Structures are given as structure tokens and as C-alpha cells.
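Visitor: Shown below is the structure under consideration.
Structure follows, in C-alpha cells:
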């Protein structure tokens, strides 16, 4: 039984706690949050203790740490958890600075602890199936990847101001998916963006509508489209075109019921947001982490995958700011 300590009892901490409660191989032992009421509520739900983050990391009855706190706290928590010999499950981004992520890689590798960067979309059954079939050669050599990701509505402006921007906050998932599907590292990034949904987002120095083109050394291309607004629900689609065919993932509706009349055929809207759309991905992500820690293997996505996603997000941000393509280094 893997004994978990959850740092951060907000929305994502609650998601991971729920996944842990579904696992026969894990137990939420303790939780911590800067808001005592949030920590107590989650502890009551899980049958766990409320402790401070430092106490959880130092506790002998904790095997692994789930870091679901704000990004600017990750660096110190990773260093402390690695020094304590704890396995680490860390929400993306690992840090807003690629340099600081490299520092984290050094301490994680020196400690020899398991580390998973929580890029959950790799565990979505549809995307995982697509990637497995690409690797099996079903569509031949990959030539072009298209990823569309649109939220139903923008987050609060307060969140926008501290998020690091759309490329680091929202698109980072899609940038990781690009690597997952291309099978090669992108070497150039070109980004454009506009504030078309909410002028306040532009005033905060960010955009809400963005597109990125990634190119690999062999010439494979990925196009990513993001928007903070989709009037029809949470839009999550992907298409991979290869030399022998094409694979695609469609949106998942709330139900598959359709109404057919003389006016046409109508169906349910897409699932409302990421908690519903990726519920199974979150469960499978934590199950993979638990299994990896128990059998002594390194989980994937690794901390290095977190670094690469951040490097691409940084490059996209720079490209949008300068209006020029940006070359991404190998390390």
C-alpha cells in the first residue's frame, strides 16, 4: 500500500485524492494546505491527517508526495521531497523557469527517486490508443499533427496575471502532446496570438486566442490551436496524418443520444470541462505512478518531459513576443 501525502487541497489536489481513493494500492495518509478549512475538508473525505507540508515530507509513514500547490512553490518542495527520499508526483509546470527545472532534475537524479510530471492527457484512453497505433506503424511515417484545444470560457483575470501566459499555462499540455505524437523533438517554434475573447486578458499582457507551428529536424509539422472560448463546450480534438493514413480523436459528448427530425440531427454538447473530459486520464495517471513506485521503475512523463514542455512553452512565448520563429535547443 503506497502511502500518499497531498500538498495542496484545491481543485487538482481533490482530483488526485479521488483517484487515490479508487485505488486498492494507495492510501491518502496526510494532506496539507495553506487554507486550514480546505485541508480539513479533504482530510475528512479521505480519512487522512492534516499536517504541514514540512511534516508530510519528513514523515516516515509517507512514501510519495503529490504536489498540487501553486507553481512557484514546486521548486522548494521538490528539493525537500527528493532529499527526504520520497517519490514525487508533480503537477505541471514543474517550474516557470527551465533553468530551475534543470536544478530539480539534478536533485531528483542524485536522490534516485521516482518523479512523474503530471501531463495527464497522455493517459487519456483515446490519445494513448492513438499514440500506440502511431508507434505500431499503422499510418506509416507521421507527417503532420493537428491539435485543437479550446476552453468553454476564460479563467478569472487574477489567475491570468499569475499563470505565466497561455502558452505556459494552457498550451503546455498540447505542446507535450505534440512530442507524444510526433515521436521527434520540435526544433523550431512559431507562435501568433490575439486577445479576442476578453480585452482584459490583453491588458494583463496575455492572449486568449493562439496558434503555434512546430517543426522537427526531419520536417514533420505540428499545428496547435488554442482559444479561451468555445461556445459549444470543451473542445479537445487531434489528428495525425501519415504516409499510409490518418488517425483522429473526436470530442466526447455528454451523452451519445441523438435526436433525428425533419429539421436535422442533433446531439448533446461536448463534456463541459477538463474535470469531466479527463476524469479517466487522471485516474490512470495516478495508477501508473503508483505501479511505477511499487515496482521500482521510473514513471513517464518524467521530469525531463516536464522540462521539454516548458522549453517549448517558453519558445512559443518568445516567438509571440518577437514575431519571429524560435529555435529550441537540444537540452
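Residue numbers (my numbering): 570 to 900. All C-beta atoms in this analysis are idealised placements derived from N, C-alpha and C, irrespective of residue type, glycine included. Source: prediction; values computed, not measured.
1) Count the other CB atoms, across all protein chains shown, that sit within 10 Å of the CB of residue 801; report buried if there are 16 or more and exposed otherwise.
2) Terminal residues of the continuous alpha helix (DSSP H) containing residue 745?
3) Do you know offhand how far residue 846's Cα is from residue 586's?
4) Look up residue 636 in the DSSP assignment and give the residues it is bridged to.
5) Just confirm the distance between the C-beta atoms of residue 807 and residue 716, as a whole number of angstroms; I'd bet it's less than 8 Å.
6) Once you ignore the five residues that flank residue 621 on each side, which residues in its own chain have a CB closer than 8 Å to its CB?
7) Looking only at its own chain, which residues have a Cβ that is under 6 Å from the Cβ of residue 776, when we skip the five neighbours before and after it?
8) Could I get the ranges of all uninterrupted alpha helix (DSSP H) runs contained in the segment 750 to 780, with 4 residues as the minimum, in chain order?
9) Within this structure, are the beta carbons of residue 660 and residue 581 separated by less than 8 Å?
10) What is the DSSP secondary structure of residue 858, reduced to helix, strand or coil?
11) Could you give the first and the last residue of the continuous alpha helix (DSSP H) run that contains residue 703?
12) Whose CA, out of 755, 618 and 849, lies closest to the CA of residue 793?
13) By the 10 Å Cβ neighbour count, where 16 or more other Cβ atoms means buried, how is residue 828 classified, buried or exposed?
14) Of the choices 723, 652 and 686, whose alpha-carbon is the least far from that of residue 921?
15) According to DSSP, is residue 626 helix, strand or coil?
16) Give me whichever residues DSSP pairs with residue 809 in a beta bridge.
17) Going by C-alpha distance, which of 873, 589, 779 and 605 is nearest residue 852?
18) Does the distance from the C-beta atom of residue 634 to that of residue 688 stay below 8 Å?
19) Helix, strand or coil for residue 730, going by three-state DSSP, please let me know.
20) Determine, using beta carbons only, whether residue 714 and residue 884 come nearer to each other than 8 Å.
21) DSSP beta-bridge partners for residue 827?
22) Hey, quick one: how far does the beta strand (DSSP E) through residue 686 stretch, first residue to last?
23) Identify the residues that DSSP records as bridge partners of residue 667: which are they?
24) Restricting to Cα atoms, I'd like to know which of 694, 877, 632 and 584 is closest to residue 745.
25) Mapping DSSP to helix, strand and coil, what is residue 900?
26) For a test of the three-state rule: what should DSSP assign to residue 594, helix, strand or coil?
27) Could you tell me the alpha carbon to alpha carbon distance between residue 825 and residue 637, rounded to whole angstroms?
28) Do you know offhand how far residue 658's Cα is from residue 830's?
29) Does DSSP classify residue 583 as helix, strand or coil?
30) Looking only at its chain, what residues have a beta carbon closer than 6 Å to the beta carbon of residue 632, apart from the 5 residues adjacent to it on each side?
31) In whole angstroms, what separates the C-alpha of residue 873 from that of residue 840?
Guide: Taking the geometry as given:
1) Counting from one through the chain shown, the residue named residue 801 turns up at place 232. Counting Cβ neighbours within 10 Å, residue 801 comes out exposed, since fewer than 16 surround it.
2) Counted from its first residue, the chain shown places residue 745 at position 176. Run containing residue 745: 740 to 751, per the alpha helix (DSSP H) assignment.
3) Within the chain shown, numbered from 1, the residue matching residue 846 stands at position 277. Within the chain shown, numbered from 1, the residue matching residue 586 stands at position 17. If you take the alpha carbons of residue 846 and residue 586, they lie about 18 Å apart.
4) Reading the chain shown from its first residue, position 67 is the one you call residue 636. For residue 636, which the question treats as bridged, DSSP gives the partners 576 and 659.
5) In the chain shown, counting from the first residue as 1, residue 807 sits at position 238. In the chain shown, counting from the first residue as 1, residue 716 sits at position 147. Correct: roughly 5 Å between the Cβ atoms.
6) By 1-based counting over the chain shown, the position of residue 621 is 52. Cβ neighbours of residue 621 beyond the five flanking positions: 601.
7) Position 207 of the chain shown, counted from the start, is the residue given in the question as residue 776. So the list reads 735, 762, 763 and 764, once near-sequence residues are dropped.
8) 768 to 772
9) The residue you call residue 660 lines up with position 91 of the chain shown. The residue you call residue 581 lines up with position 12 of the chain shown. Contact: yes.
10) Reading the chain shown from its first residue, position 289 is the one you call residue 858. Residue 858: helix per DSSP, three-state reduction.
11) On the chain shown, residue 703 is found 134 positions in, with the first residue counted as 1. Its alpha helix (DSSP H) spans residues 694 to 704.
12) In the chain shown, residue 793 corresponds to position 224, counting from 1. Closest by alpha carbon: 755.
13) Counting from 1 along the chain shown, the entry for residue 828 is found at position 259. Label assigned to residue 828: exposed.
14) In the structure as shown, the chain starts at 570 and stops at 900, and residue 921 therefore has no counterpart that could be examined.
15) Numbered from its first residue, the chain shown carries residue 626 at position 57. Looking at residue 626 - three-state DSSP - the assignment turns out to be helix.
16) Residue numbering aside, residue 809 sits at position 240 when the chain shown is read from its first letter. For residue 809, which the question treats as bridged, DSSP gives the partners 714 and 816.
17) Here residue 852 is taken as the residue at index 283 of the chain shown, counted from 1. Ranking 873, 589, 779 and 605 by Cα distance to residue 852 puts 589 first.
18) Here residue 634 is taken as the residue at index 65 of the chain shown, counted from 1. Here residue 688 is taken as the residue at index 119 of the chain shown, counted from 1. Not closer than 8 Å, so no.
19) As a working note, residue 730 is residue 161 in the chain shown. Three-state DSSP puts residue 730 in a helix.
20) In the chain shown, residue 714 corresponds to position 145, counting from 1. In the chain shown, residue 884 corresponds to position 315, counting from 1. Against a cut-off of 8 Å, the Cβ pair of residue 884 and residue 714 comes out as no contact.
21) Position 258 of the chain shown holds residue 827. Looking at the DSSP assignment, residue 827 forms a beta bridge with 836.
22) Residue numbering aside, residue 686 sits at position 117 when the chain shown is read from its first letter. Per DSSP, residue 686 belongs to the beta strand (DSSP E) from 684 to 687.
23) On the chain shown, position 98 is the one that residue 667 refers to. None; residue 667 has no bridge partner.
24) Against the chain shown, residue 745 aligns to sequence position 176. Residue 877 is the option with its Cα nearest to residue 745.
25) What you label residue 900 is simply residue 331 of the chain shown in a count that begins at 1. DSSP places residue 900 in coil when its eight states are reduced to three.
26) For the purposes of this step, residue 594 is taken as the residue at position 25 of the chain shown. If DSSP states are grouped into helix, strand and coil, residue 594 belongs with coil.
27) Working through the chain shown from its first residue, we reach residue 825 at position 256. Working through the chain shown from its first residue, we reach residue 637 at position 68. Those two C-alpha atoms are separated by around 33 Å.
28) In the chain shown, residue 658 corresponds to position 89, counting from 1. In the chain shown, residue 830 corresponds to position 261, counting from 1. Cα to Cα, the separation comes out at about 50 Å.
29) In the chain shown, the residue the question calls residue 583 occupies position 14. In the structure shown, residue 583 sits in a helix (DSSP, three-state: H, G or I).
30) Taking the chain shown and counting its residues from 1, one reaches residue 632 at position 63. Cβ neighbours of residue 632 beyond the five flanking positions: 571 and 572.
31) Taking the chain shown and counting its residues from 1, the one referred to as residue 873 is at position 304. Taking the chain shown and counting its residues from 1, the one referred to as residue 840 is at position 271. If I take the Cα positions, the gap works out to 31 Å.
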